[in-house]
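Note that numbering that gives the first Met the number 0 gives residue 161 to position 162 of the sequence shown, counting from 1, and the numbers run on in steps of one.
Here a beta-carbon is modelled for each residue, glycine too, at the ideal position from N, C-alpha and C.
Structure first, then comments.
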Amino acid sequence: MATYNRNVNRQANRAVPARSAAPQGQMSRISVDQQARQLADEIIAERDLQRMSARNGRIFSQFDVVDDVLSNNIETVTRGLFAGNTGSLTSMFSSSNLTATQRTYYEEIYSTGDPGNTTAANVELSLAYGHHGGSGSKDLTGNLNNDTPSRAIYKQYAQILLEPNDKKFTFNTSDSDSIYVLNFNRARVREKLDPGNFELSLAMLSASIGNTGLLADNNSSHTGSHVKVSGTGAMIQVIDDSSTSPASVGESGQVYNLVSGSIDGSTTSIKSPTVHYGLLYPQYGIAVLNAEQLDKTFANGGVNFGSVTGSAVQGRNALKLFTSLNSSNALTPASINGGIQARSSEQVKSTYYFVRVKNAEYNYSNNPSFTTGSLGQLSFNSFVSDPQIYITSIGLYNDRRELLAVAKLSQPLLKNFTREALIKVKLDF
0 MATYNRNVNR QANRAVPARS AAPQGQMSRI SVDQQARQLA DEIIAERDLQ RMSARNGRIF
60 SQFDVVDDVL SNNIETVTRG LFAGNTGSLT SMFSSSNLTA TQRTYYEEIY STGDPGNTTA
120 ANVELSLAYG HHGGSGSKDL TGNLNNDTPS RAIYKQYAQI LLEPNDKKFT FNTSDSDSIY
180 VLNFNRARVR EKLDPGNFEL SLAMLSASIG NTGLLADNNS SHTGSHVKVS GTGAMIQVID
240 DSSTSPASVG ESGQVYNLVS GSIDGSTTSI KSPTVHYGLL YPQYGIAVLN AEQLDKTFAN
300 GGVNFGSVTG SAVQGRNALK LFTSLNSSNA LTPASINGGI QARSSEQVKS TYYFVRVKNA
360 EYNYSNNPSF TTGSLGQLSF NSFVSDPQIY ITSIGLYNDR RELLAVAKLS QPLLKNFTRE
420 ALIKVKLDF
């Protein structure tokens, strides 16, 4: 009987895979893939070269609205209210150009000088006196319908500033028939007066005092051009109460009270007990003062205005306010300005454009000095591989390549292949 080794039999019976060459179709596919990849690499390299060439001669760059443009930024900008963007009006001049009829309504106040004497005069504001019943003024044209200048002034500002059913100005819960108005140059007010930066300094006037403790009425020696400062050096300062109280809001916009107080640098202080002198309408650029309070004696919180309130009497009361304001600067300490302190305020919407200039971009110039000859050869051979140019301005274009805005750099900016730049352009609307 024959004997077999089982392990040997098992090993012999195992199948061994045959090794043969890849099919012809598979070889063709591998060759096509290699050629396609090689062709794609060539196309990519060619595009990169074209892109590099385009960057070297680029004259426009498209903004990425996500990364390069920051829009709708709102910031509050304040400026001095008066000529030259100064915040103080300490020396004032009334206009000699006004006619006699115009002076019955208002006084126009200038800085620098009287416009009748100098063309450098700048109009800053108008001062007016108003009376609900028309007292203290006379209509030089014939007093038609009893519409005297003071009545017209009162009604005009009541119509502009008060609620429809409100006929009189109310100061600290009390109605007043008699007001003084400061109407500032609208072009300088811009959006509104800046609350918290408004101050009036009023010098005490010289006038006759009656038995009631109020100033005697219809005293011709203390009206018009005869208005004088008391000579005692007494004065008051008036500010808005925005630092302590929110504005009331009506059809005329925000309204603040004008009270006794002062602005000392960045600090605002309201005196106690508080005396109410008027109302400030920031959005209209108008301040309305209570004449009845200003008429009181200095001990009672007034400045001896003695407003003329006689019937058909031309008091020229606006000159009282002008004299008091114009004389106050001489009475203040050297470190404090008198007269009027005010600033304008406006919200400005801005858009920022971030102009990114890469190292390979904008290294050549179309300036005539950059080339020479009829063929436009570079002025210097070194400019071929190492150009040196200076960026002086940025132009903003629309999609039709129409120039919309130009931003000028404060100084030329050197640009070459080794330098990049990030320039921020701000447009205000």
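- Here residue 339 is buried: its Cβ has 16 or more other Cβ atoms, across all protein chains shown, within 10 Å.
- A distance below 6 angstroms between beta-carbons, with the five flanking residues on each side excluded, links residue 290 to the following residues of its chain, in chain order: 177, 178, 179, 306.
- Counting only the Cα atoms, residue 358 lies some 59 angstroms from residue 113.
- Here residue 121 is not near residue 134, since their CB atoms are 8 angstroms or more apart.
- The beta carbon of residue 353 sits closer than 7 angstroms to those of 67, 421, 423, all from its chain and outside the five residues before and after it, given in chain order.
- Contact between residue 344 and residue 192 holds: their C-beta atoms lie close to 7 angstroms from each other, under 8 angstroms.
- Per the coordinates, the alpha-carbon of residue 196 lies some 13 angstroms from the alpha-carbon of residue 284.
- The closest CA to that of residue 311, considering only 138, 169, 329, 398, is found on 138.
- Between residue 237 and residue 181, the C-beta gap is not smaller than 8 angstroms, which leaves the two residues out of contact.
- In the three-state scheme derived from DSSP, where H, G and I count as helix and E and B as strand, residue 154 is classed as helix.
- Secondary structure note for residue 347: its beta strand (DSSP E) is the uninterrupted segment 342 to 356.
- Residue ranges of uninterrupted alpha helix (DSSP H) with 4 or more members, entirely inside the segment 250 to 327 and ordered along the chain, are 290 to 293, 317 to 326.
- Residue state for residue 62 is assigned as coil, using DSSP reduced to three classes.
- For residue 202, the uninterrupted beta strand (DSSP E) segment begins and ends at 198 to 202.
- Between the segment 387 to 406 and the segment 358 to 378 there are three or more C-beta pairs closer than 8 angstroms, enough to call the two in contact.
- With contacts defined as CB atoms closer than 8 angstroms, residue 115 and residue 94 qualify as a contacting pair.
- Within the same chain, Cβ atoms closer than 8 angstroms to the Cβ of residue 243 are found at 269, the five residues on either side in sequence being excluded.
- No Cβ-Cβ contact shorter than 8 angstroms links residue 428 with residue 108.
- Beta-bridge pairing by DSSP links residue 235 to 201.
- Under DSSP, no beta-bridge partner is assigned to residue 416.
- Restricting attention to 396, 399, 185, 161, the CA atom closest to the CA of residue 174 is found in 161.
- Taking each of 226, 158, 302 in turn and checking the Cα distance to residue 259, the smallest one comes out for 302.
- According to DSSP, residue 78 shares a beta bridge with 343.
- Close CB contacts of residue 392 within its chain, under the 8 angstroms cut and outside five residues either way in sequence, are with 405, 406, 407, 408 (chain order).
- Per DSSP, residue 226 lies in no alpha helix (DSSP H) segment and is marked neither H nor E.
- Linking residue 418 to residue 35 through their CA atoms gives a straight-line distance of about 38 angstroms.
- Straight through space, the alpha carbons of residue 360 and residue 199 are spaced by roughly 58 angstroms.
- Here residue 425 is exposed, its C-beta having fewer than 16 other C-beta atoms within 10 Å.
- For a cut-off of 8 angstroms, the C-beta gap from residue 257 to residue 233 is around 19 angstroms, too long to register as a contact.
- Inclusion of residue 282 and residue 253 in the CB contact set at 8 angstroms is warranted, their separation being smaller than that value.
- Judged by DSSP in its simplified three-state form, residue 139 adopts coil rather than helix or strand.
- Taking a C-beta distance under 8 angstroms as the contact criterion, residue 81 and residue 150 do not qualify as a contact pair.
- Going by DSSP, residue 100 is part of the alpha helix (DSSP H) stretching over 99 to 102.
- Bounds of the alpha helix (DSSP H) holding residue 186 are 185 to 188.
- Sorting 315, 319, 276 by C-alpha distance to the C-alpha of residue 299 places 276 at the top.
- Taking residue 32 as the centre and dropping the five residues before and after it, the same chain places no C-beta closer than 6 angstroms to its C-beta.
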